[in-house]
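**Student:** My questions all concern the structure below.
Number of protein chains: 2
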Amino acid sequence: MTDRIACAALRSRITDADTAAALIRAGETVATSGFTGSGYPKMVPQALARRIAVAHAEGHPFRVNLWTGASTGPELDGALAAVDGIAQRLPYSGDPVAREKINRGEIDYLDMHLSQVAPMAWEGVLGPLDTAIIEVSGIRADGSLIPSSSVGNNKTWADRAKRVILEVNRWQDAALEGMHDIYYGTRLPPERVPIPLVRPDDRIGTPYLACDPDKIVAIVETEAPDRNLPFAAPDDIARAIAGHVIEFLAHEVSRGRLPPALLPIQSGVGNIANAVLSGLVDAPFDPMTAYTEVIQDGMLDLLDAGRLRMASATAFSLSPQAAARLNANMAAYRDCMILRPQEISNHPELVRRLGCIAMNGLIEADIYGNVNSTLVMGSRIQNGIGGSGDFARNAYVSIFMTPSTAKGGKISAIVPQASHVDHIMQDVQVIVTEQGLADLRGLSPRQRAKAVIERCAHPDYRPMLADYAMRAEGGSYGLHAPSLPAEALSWHRRYMETGTMRPS
Amino acid sequence: MTDRIACAALRSRITDADTAAALIRAGETVATSGFTGSGYPKMVPQALARRIAVAHAEGHPFRVNLWTGASTGPELDGALAAVDGIAQRLPYSGDPVAREKINRGEIDYLDMHLSQVAPMAWEGVLGPLDTAIIEVSGIRADGSLIPSSSVGNNKTWADRAKRVILEVNRWQDAALEGMHDIYYGTRLPPERVPIPLVRPDDRIGTPYLACDPDKIVAIVETEAPDRNLPFAAPDDIARAIAGHVIEFLAHEVSRGRLPPALLPIQSGVGNIANAVLSGLVDAPFDPMTAYTEVIQDGMLDLLDAGRLRMASATAFSLSPQAAARLNANMAAYRDCMILRPQEISNHPELVRRLGCIAMNGLIEADIYGNVNSTLVMGSRIQNGIGGSGDFARNAYVSIFMTPSTAKGGKISAIVPQASHVDHIMQDVQVIVTEQGLADLRGLSPRQRAKAVIERCAHPDYRPMLADYAMRAEGGSYGLHAPSLPAEALSWHRRYMETGTMRPS
Chain A
46 MTDRIACAAL RSRITDADTA AALIRAGETV ATSGFTGSGY PKMVPQALAR
96 RIAVAHAEGH PFRVNLWTGA STGPELDGAL AAVDGIAQRL PYSGDPVARE
146 KINRGEIDYL DMHLSQVAPM AWEGVLGPLD TAIIEVSGIR ADGSLIPSSS
196 VGNNKTWADR AKRVILEVNR WQDAALEGMH DIYYGTRLPP ERVPIPLVRP
246 DDRIGTPYLA CDPDKIVAIV ETEAPDRNLP FAAPDDIARA IAGHVIEFLA
296 HEVSRGRLPP ALLPIQSGVG NIANAVLSGL VDAPFDPMTA YTEVIQDGML
346 DLLDAGRLRM ASATAFSLSP QAAARLNANM AAYRDCMILR PQEISNHPEL
396 VRRLGCIAMN GLIEADIYGN VNSTLVMGSR IQNGIGGSGD FARNAYVSIF
446 MTPSTAKGGK ISAIVPQASH VDHIMQDVQV IVTEQGLADL RGLSPRQRAK
496 AVIERCAHPD YRPMLADYAM RAEGGSYGLH APSLPAEALS WHRRYMETGT
546 MRPS
Chain B
46 MTDRIACAAL RSRITDADTA AALIRAGETV ATSGFTGSGY PKMVPQALAR
96 RIAVAHAEGH PFRVNLWTGA STGPELDGAL AAVDGIAQRL PYSGDPVARE
146 KINRGEIDYL DMHLSQVAPM AWEGVLGPLD TAIIEVSGIR ADGSLIPSSS
196 VGNNKTWADR AKRVILEVNR WQDAALEGMH DIYYGTRLPP ERVPIPLVRP
246 DDRIGTPYLA CDPDKIVAIV ETEAPDRNLP FAAPDDIARA IAGHVIEFLA
296 HEVSRGRLPP ALLPIQSGVG NIANAVLSGL VDAPFDPMTA YTEVIQDGML
346 DLLDAGRLRM ASATAFSLSP QAAARLNANM AAYRDCMILR PQEISNHPEL
396 VRRLGCIAMN GLIEADIYGN VNSTLVMGSR IQNGIGGSGD FARNAYVSIF
446 MTPSTAKGGK ISAIVPQASH VDHIMQDVQV IVTEQGLADL RGLSPRQRAK
496 AVIERCAHPD YRPMLADYAM RAEGGSYGLH APSLPAEALS WHRRYMETGT
546 MRPS
C-alpha cells in the first residue's frame with residue numbers, strides 16, 4: 046500500500062485521517078490543494094469536519110480560515126461548510142453548501158484574482174498560514190512530491206505553512222509524474238525577474254514540489270476519485286454561441302489579425318465554454334495551443350482530434366468519462382499537457398506576452414459592455430471572479446459568452462446597468478449570446494450600446510433596452526455613456542420583487 | 046534657425062504650419078504626440094483647425110479621428126474641438142472644450158488603458174492611421190529624432206502612419222537629448238519576448254525615435270512652451286491625505302512588508318498626488334525610485350532633496366516654475382530621469398515585476414471599495430481611466446485617494462454604490478480621504494464596508510452610509526455584498542434632481 050511513498054524517512058509519518066486532523070486547532074488558517082474539483086484533499090478535511098461537529102456539539106467554537114487554489118469538492122468545502130467550520134474563505138468557491146453560508150453572511154469570503162493569491166500570501170498581507178493539507182500522487186525517495194491532478198497554490202502553501210499534512214492518493218494515475226512544471230523563480234520585489242516562458246509548451250521549472258520534510262507532520266494514504274461532474278451535452282443555445290465565436294475567429298484569421306493556428310486559447314469552466322471547445326474540433330484552424338486555467342473535456346477532444354497541439358493549465362476539470370479516458374492514456378497525454386502553479390498559468394505577464402484568446406462566461410452585461418461575472422442581483426455570490434480578470438485584461442482579444450436570458454426568460458443577461466461590475470468595459474471586447482456577436486473593439490460607449498442591444502439582447506428584452514438607451518440620451522447627466530440612475534437598476538429591483546425582469 | 050535639424054536631406058521638407066496642415070484630408074485618422082500637456086504639436090493642429098473652420102463655413106464636412114498619448118493642450122484638443130473637428134478621440138482627454146463636446150454626444154470618445162493603445166494599434170483593430178504629427182526637440186544628422194518632453198505613443202505612430210509631419214520645437218531644452226529610452230523590442234504575439242527591464246533605472250532601448258524619412262512629408266519649426274499649468278499649493282485636506290498615506294507606508298516598512306526605500310512609486314496626476322509627493326520629502330524612507338506615467342513638480346522636489354534616486358516616466362507634467370527649473374538644469378536631471386514609451390512606462394508585466402506602489406485619485410468609491418474614476422453621476426466623462434488600470438491591478442499595493450466630499454460638501458466621495466466602476470474591489474486595496482485610511486487587504490466585502498464607512502466617509506454622510514449598510518443586510522438578495530437596487534443609486538439621483546446628495 047505504501048508503494049507511492051518511496052521516501053523511507055517519511056513513512057514514519059503515515060497515519061490515519063482522524064489523527065492528522067487532530068493536529069489542526071480551532072482558529073487556524075488551513076490552506077489546501079485543489080482547483081476546480083481536482084487534486085483536493087479528500088479524507089483529512091472530512092475528519093476535521095467531524096471534529097468540528099463534535100466540538101460544536103460540546104459548545105466549543107471551532108472554525109478555520111480556508112485557503113485553496115480555487116473550488117474543491119464536497120469532501121472539503123462542502124463538509125466544512127456543513128458543520129459551520131469556515132470563518133474565512135479565499136480565493137474562489139463553487140460549493141453549493143458554502144455558497145449558501147456565504148450568502149447568509151456566515152462566511153467571510155474573499156473573492157480574489159487567482160494569479161494574485163500566491164504573491165499576496167508571500168507579501169504577508171493575508172496573515173500567517175498554519176497548516177497546509179496537500180494531495181499528492183506520490184512521494185519520491187528524495188522526499189520531493191509528485192503533484193496530483195491540480196497544482197494551484199501548492200508550491201506556496203508548502204513553502205509558507207508551519208505544518209504540512211499530505212494526502213497520497215493512489216486513485217491518481219502514476220503516469221501523472223512528469224506532467225507538471227513547478228516554477229521556483231518567483232520572488233518578492235525588488236528581486237523579481239522576467240518569467241522565462243515564451244511559448245505555452247515551455248517548461249521552466251521542475252516536475253516536483255519541494256517541501257521541508259521537518260514540516261510534514263502527517264501523511265494519509267487515500268484512494269478517492271476527484272469530484273468529476275458530467276458536462277451537459279451542448280444544447281442549441283450553446284451550439285449557437287460556439288458557432289458565433291468560431292465564425293468571429295475565422296474572420297479574424299482571414300483579415301490577418303490572428304495567425305492560422307490562432308493564439309493560445311483560454312477557456313473558462315462550464316457548459317458554454319465546453320461547447321465552444323467542442324465546436325473547435327471542426328473549425329478550420331491549424332493545430333492550436335491552449336494557455337489556460339483548466340483542461341476540461343472539450344480540450345481532451347481537441348487533443349484527441351489533433352486540433353490542439355498542447356495545453357498548459359493548472360488543473361483538470363473533467364467529467365468522470367473523460368477522467369477515465371485521461372487516466373487510461375496518461376503517458377501519451379503527458380507529452381502534450383503541462384500543469385503549472387496558478388500564479389504562472391494565470392500570470393498577467395504571460396497572458397499579455399502570449400496574447401491569449403480569452404473566453405469567459407458572465408452573469409450579466411450592461412449595454413456598454415461592463416460585465417458582472419460574480420454577483421447575482423449585485424449582492425449574491427455565484428462562484429467568484431476566478432481567473433477571468435487575469436485573462437480578460439491582458440488578452441489579445443477578450444470574449445465573454447452567455448445565453449441571452451436565464452431562469453426561463455425571466456432574467457435578461459443584457460441589462461441597462463450591471464448590478465455589479467467585475468470586468469470594466471475596457472476589458473470586454475466581444476460579447477456573444479445565442480442571438481449574435483458584438484465586436485466592441487474601437488467603439489465608443491454609445492456605439493457599444495447599439496451593438497450590444499442589436500446583436501446580443503434577446504428579442505423579448507431588446508425593445509426595452511433600446512427604449513432605455515433612447516430615453517437616457519434625453520435625461521442623462523452626461524452623454525458620454527448615458528444613464529438614468531433612477532431606473533438603471535430597476536430591472537433587478539423588479540426581479541427581486543416579482544420574480545421576473547419582464548414588466549407586469 | 047535650423048540648427049535643430051542636422052539632417053541635410055530633411056531640410057527640404059521644412060515648411061509652414063498651414064502648408065503642412067493642408068496635407069491632411071477630411072475623415073483622416075490623425076495621431077499626435079503629447080502626454081499630459083507636454084510634447085504635443087502646437088502649430089499644425091491650430092492650422093488644421095483654421096482649415097476645418099473654413100471648410101465648415103463653406104458647408105463642407107471636415108472632421109478627423111484624433112489619437113494621442115494622453116491629454117494635450119488647448120492648441121491641439123481645444124482648437125480642434127472648438128471647430129467641431131474631432132469625430133473620434135482616443136485614448137485620454139483632459140481638455141475642457143473637448144470634454145463638453147464628448148458629454149454632449151458630439152465626439153465618440155474611446156477611453157482606453159494607456160498601456161494598450163500601441164498594442165491595439167499594431168493589432169489593427171483601431172483601423173488605419175493616416176497622418177502622424179509629432180513634436181520632437183531635434184533631428185540628428187542620420188535622420189533619427191530627438192524626442193520632446195513626452196514619449197507617449199510616438200514610436201508606434203511614426204511606425205504605423207502613412208505620412209509623418211514633424212514639429213521641431215526649439216523651446217524644448219537641447220539637453221533633453223539622451224534622457225529618453227525607446228524600446229524597439231515589442232512584437233505582436235506569438236513573437237513577444239520578456240521585456241528586459243528589472244529596475245526602474247534600466248535602459249533597454251535607444252535615446253532616439255526612428256522614422257522612415259520617405260514618410261516625412263513636412264517639418265515645421267516652432268518655439269512654443271508646453272501647456273504647463275500651476276499646481277495648487279496643498280491645502281489642509283491634501284496634507285491630511287498625504288499624512289495618512291505616509292503613515293501607512295511607514296507602518297508597512299516597520300512590519301517588514303515594504304523595504305526601507307519602499308518600492309517604485311507610481312503617482313497619478315493632480316493636486317492630491319502632488320501633495321503626497323511633497324509630503325514624502327520629509328518622510329523617513331531611504332532614497333526612493335519612481336516608475337510612473339508622469340514626472341510632476343513633487344517628483345522634482347524629491348529629486349532635488351535627494352529623497353528620490355531616479356524617476357522613470359513617459360512625460361513631464363510640470364508647473365511653469367518647475368518647467369523652468371527643469372530646463373535650467375536639464376543636463377543634471379538627465380542622469381536621474383528616463384522617459385519611455387507609454388506601453389513600457391505602464392506595462393502590466395513591468396508594473397507587476399517591479400511591484401509598484403500605485404497611488405491614484407478617484408471620483409467616488411462605494412462602501413465595498415469599487416472605484417469610479419471616470420464618469421461623474423455614471424455618465425459624464427471627467428477625463429478618463431488613463432493608466433490607473435494598468436497600475437492598480439498589478440501594483441504591490443494599490444492606493445486610491447480623494448477628499449471625502451466634493452462641490453462644497455454636496456457630493457460624498459463615498460456612496461452606497463458607485464454609479465460606474467473602473468476599478469473593481471479586487472484592485473482597490475487602500476482608500477484614503479482626509480478623514481482617514483482604510484486598509485482593505487484581506488477583508489471580505491462586509492468587512493470592507495465597515496472600514497470604508499468608519500474611516501473614509503465624511504461625518505456628514507457617515508450615518509447615512511451606515512444606515513444603508515444596515516438596512517441592506519435586511520433586504521438584500523444575498524449577503525455576500527449586501528445591496529438594495531432600489532436605492533443604491535438614489536444619492537446620484539438626488540444630486541441630479543436637487544443639486545446635493547444631502548437629503549432635504
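Sequences listed follow chains A and B, in order. What the first sequence shows, in the numbering used here, is residues 46 to 549, in sequence order. What the second sequence shows, in the numbering used here, is residues 46 to 549, in sequence order. Think of the CB as a built atom: it goes at the ideal place given N, C-alpha and C, for glycine as much as any other residue.
1) By Cβ distance, which residues of its chain are closer than 7 Å to residue 283 of chain B, with the 5 residues on each side in sequence left out?
2) Taking the C-alpha atoms as reference points, what is the distance between residue 71 of chain A and residue 531 of chain A?
3) Here's the rule: buried if 16 or more other CB atoms are within 10 angstroms of the residue's CB, otherwise exposed. What is residue 164 of chain A?
4) Opposite residue 312 of chain B in the DSSP bridges: which residues?
5) Within 7 Å of any Cβ in chain B, is that where the Cβ of residue 292 of chain A sits?
6) Look up residue 522 of chain A in the DSSP assignment and say whether it is helix, strand or coil.
7) Where do the N-terminal and C-terminal ends of the alpha helix (DSSP H) with residue 436 of chain B fall, by residue?
8) At a CB-CB cut-off below 7 Å, which residues of chain B make contact with residue 528 of chain A?
9) Look at the Cβ atom of residue 142 of chain B, then the Cβ atom of residue 123 of chain B, and state whether they are nearer than 7 Å.
10) Closest Cβ-Cβ distance between residue 489 of chain B and chain A: below 7 Å?
11) Tell me, please, which residues DSSP counts as bridged to residue 153 of chain A.
12) Between the beta-carbon of residue 265 of chain B and the beta-carbon of residue 89 of chain B, is there less than 7 Å?
13) Where does residue 296 of chain B land, buried or exposed, given buried means 16+ other C-beta within 10 angstroms?
14) Just to make sure I have the definition right: I need the residues of chain B whose C-beta is within less than 8 Å of the C-beta of residue 149 of chain A. Which are they?
15) Between residue 77 of chain A and residue 350 of chain A, what straight-line distance do the alpha-carbon atoms span, to the nearest angstrom?
16) By a C-beta neighbour count over all protein chains shown, 10 Å radius and 16 as the cutoff for buried, is residue 392 of chain B buried or exposed?
17) Would you check if the distance between the CB atom of residue 197 of chain B and the CB atom of residue 324 of chain B is smaller than 7 Å?
18) How would you write the range of the beta strand (DSSP E) that residue 112 of chain A sits in, first residue to last?
19) For chain A, is any of its Cβ atoms less than 7 Å away from the one on residue 308 of chain B?
20) Need the endpoints of the beta strand (DSSP E) that residue 482 of chain A sits in, please.
21) Apply the 10 Å Cβ neighbour rule to residue 400 of chain B and answer buried if 16 or more other Cβ atoms are within range, or exposed otherwise.
22) Taking 7 Å as the threshold (C-beta atoms), are residue 497 of chain B and residue 476 of chain B in contact?
23) Could you name the residues of chain B that residue 405 of chain A contacts, counting a contact when the two beta carbons are closer than 9 Å?
24) Check whether the Cβ atoms of residue 5 of chain B and residue 85 of chain B lie closer than 7 Å to each other.
25) Name the residues in the region 199-230 of chain B whose C-beta lies less than 8 Å from a C-beta of chain A; which are they?
26) I need the DSSP call for residue 412 of chain B, collapsed to helix, strand or coil.
27) Rounded to whole angstroms, what's the CA-CA distance from residue 331 of chain B to residue 235 of chain A? Just pull it up for me.
28) Distance, Cα to Cα, residue 340 of chain A vs residue 217 of chain A?
29) For residue 485 of chain B, which residues in chain A fall below 8 Å Cβ to Cβ?
30) Can you give the Cα-Cα distance for residue 460 of chain A and residue 512 of chain A, rounded to whole angstroms?
31) Under a three-way DSSP split, which group does residue 474 of chain B fall into?
32) Given that residue 389 of chain A touches chain B, what residues does it touch there, using C-beta distances under 7 Å?
33) Taking buried to mean at least 16 other C-beta atoms within 10 Å of its own C-beta, is residue 144 of chain A buried or exposed?
34) Assign residue 186 of chain B to buried or exposed, taking buried as 16 or more other Cβ atoms, counted over all protein chains shown, within 10 Å of its Cβ.
35) Could you name the residues that DSSP lists as bridge partners for residue 460 of chain B?
36) Look at the Cβ atom of residue 465 of chain A, then the Cβ atom of residue 415 of chain A, and state whether they are nearer than 7 Å.
**Tutor:** Quick look at the numbers:
1) Residue mapping note: residue 283 of chain B aligns to position 238 of the second sequence, counting from 1. Cβ neighbours of residue 283 of chain B beyond the five flanking positions: 316, 317, 320.
2) Here residue 71 of chain A refers to the residue found at position 26 of the first sequence. Here residue 531 of chain A refers to the residue found at position 486 of the first sequence. Spanning the two alpha carbons is a distance of roughly 47 Å.
3) For the purposes of this step, residue 164 of chain A is identified with residue 119 of the first sequence, where counting begins at 1. Its Cβ being crowded by 16 or more others within 10 Å, residue 164 of chain A is buried.
4) Stepping through the second sequence from its first residue, residue 312 of chain B is reached at position 267. For residue 312 of chain B, the pairing in a beta bridge is given by DSSP as B:404.
5) Position 247 of the first sequence, counted from the start, is the residue given in the question as residue 292 of chain A. No - not a single Cβ of chain B is within 7 Å of the one on residue 292 of chain A.
6) For the purposes of this step, residue 522 of chain A is taken as residue 477 along the first sequence, with counting starting at 1. The answer is coil: DSSP assigns residue 522 of chain A none of H, G, I, E or B.
7) Counting from one through the second sequence, the residue named residue 436 of chain B turns up at place 391. That run of the alpha helix (DSSP H) goes 433-437.
8) Stepping through the first sequence from its first residue, residue 528 of chain A is reached at position 483. Going along chain B in sequence order, the residues near residue 528 of chain A (Cβ under 7 Å) are 423, 424.
9) Indexing the second sequence from 1 puts residue 142 of chain B at position 97. Indexing the second sequence from 1 puts residue 123 of chain B at position 78. The answer is yes: Cβ separation under 7 Å.
10) Taking the first residue of the second sequence as 1, we reach residue 489 of chain B at position 444. Chain A contact via Cβ: present.
11) As a working mapping, residue 153 of chain A is identified with position 108 in the first sequence. Its beta-bridge partners are A:133.
12) Your numbering for residue 265 of chain B matches position 220 in the second sequence. Your numbering for residue 89 of chain B matches position 44 in the second sequence. Contact flag set, yes.
13) Translated into positions along the second sequence, residue 296 of chain B becomes position 251. It is exposed - the Cβ of residue 296 of chain B has fewer than 16 other Cβ atoms within 10 Å.
14) Mapped onto the first sequence, residue 149 of chain A falls at position 104. Here the neighbours are 524.
15) Taking the first sequence and counting its residues from 1, the one referred to as residue 77 of chain A is at position 32. Taking the first sequence and counting its residues from 1, the one referred to as residue 350 of chain A is at position 305. Approximately 35 Å between the Cα atoms of the pair.
16) Numbered from its first residue, the second sequence carries residue 392 of chain B at position 347. The residue in question, residue 392 of chain B, is buried, as its Cβ has 16 or more Cβ neighbours within 10 Å.
17) In the second sequence, the residue the question calls residue 197 of chain B occupies position 152. In the second sequence, the residue the question calls residue 324 of chain B occupies position 279. If you check the CB distance, residue 197 of chain B and residue 324 of chain B do not come in under 7 Å.
18) Translated into the one-based positions of the first sequence, residue 112 of chain A becomes position 67. Counting along the chain, the beta strand (DSSP E) containing residue 112 of chain A begins and ends at 109-112.
19) Numbered from its first residue, the second sequence carries residue 308 of chain B at position 263. Yes - at least one Cβ of chain A is within 7 Å of the one on residue 308 of chain B.
20) What you label residue 482 of chain A is simply residue 437 of the first sequence in a count that begins at 1. Segment 481-484, the beta strand (DSSP E) holding residue 482 of chain A.
21) Position 355 of the second sequence, counted from the first residue, corresponds to residue 400 of chain B. So residue 400 of chain B ends up on the buried side.
22) To locate residue 476 of chain B, count along the second sequence from 1; it is residue 431. To locate residue 497 of chain B, count along the second sequence from 1; it is residue 452. Cβ atoms of residue 476 of chain B and residue 497 of chain B: closer than 7 Å.
23) Locating residue 405 of chain A in the first sequence gives position 360, where the first residue counts as 1. Under the 9 Å cutoff, chain B gives no residues; its nearest Cβ is about 14 Å from residue 405 of chain A.
24) Absent from the structure is residue 5 of chain B, since the part of chain B shown begins at 46 and ends at 549.
25) If the cut-off is 8 Å between Cβ atoms, the region 199-230 of chain B has nothing near chain A.
26) Your numbering for residue 412 of chain B matches position 367 in the second sequence. The answer is coil: DSSP assigns residue 412 of chain B none of H, G, I, E or B.
27) As a working mapping, residue 331 of chain B is identified with position 286 in the second sequence. As a working mapping, residue 235 of chain A is identified with position 190 in the first sequence. Roughly 14 Å separates the two Cα atoms.
28) Along the first sequence, read from residue 1 onward, the residue named residue 340 of chain A stands at position 295. Along the first sequence, read from residue 1 onward, the residue named residue 217 of chain A stands at position 172. When rounded, the separation of the alpha-carbon atoms in residue 340 of chain A and residue 217 of chain A is 16 Å.
29) The residue labelled residue 485 of chain B in the question sits at position 440 within the second sequence. Simply none; closest approach about 10 Å.
30) Within the first sequence, the letter at position 415 stands for residue 460 of chain A. Within the first sequence, the letter at position 467 stands for residue 512 of chain A. Residue 460 of chain A and residue 512 of chain A have their C-alpha atoms spaced approximately 12 Å apart.
31) Taking the second sequence and counting its residues from 1, one reaches residue 474 of chain B at position 429. The answer is coil: DSSP assigns residue 474 of chain B none of H, G, I, E or B.
32) Here the question's residue 389 of chain A lines up with position 344 in the first sequence. Chain B residues near residue 389 of chain A: none, gap ~13 Å exceeds 7 Å.
33) As a first step, residue 144 of chain A is located in the first sequence; it is residue number 99 there, counting from the start. The residue in question, residue 144 of chain A, is buried, as its Cβ has 16 or more Cβ neighbours within 10 Å.
34) If you number the second sequence from 1, residue 186 of chain B lands on position 141. Exposed is the call here.
35) Translated into the one-based positions of the second sequence, residue 460 of chain B becomes position 415. DSSP links residue 460 of chain B through a beta bridge to B:411.
36) Residue mapping note: residue 465 of chain A aligns to position 420 of the first sequence, counting from 1. Residue mapping note: residue 415 of chain A aligns to position 370 of the first sequence, counting from 1. No, the Cβ-Cβ distance between residue 465 of chain A and residue 415 of chain A is not below 7 Å.
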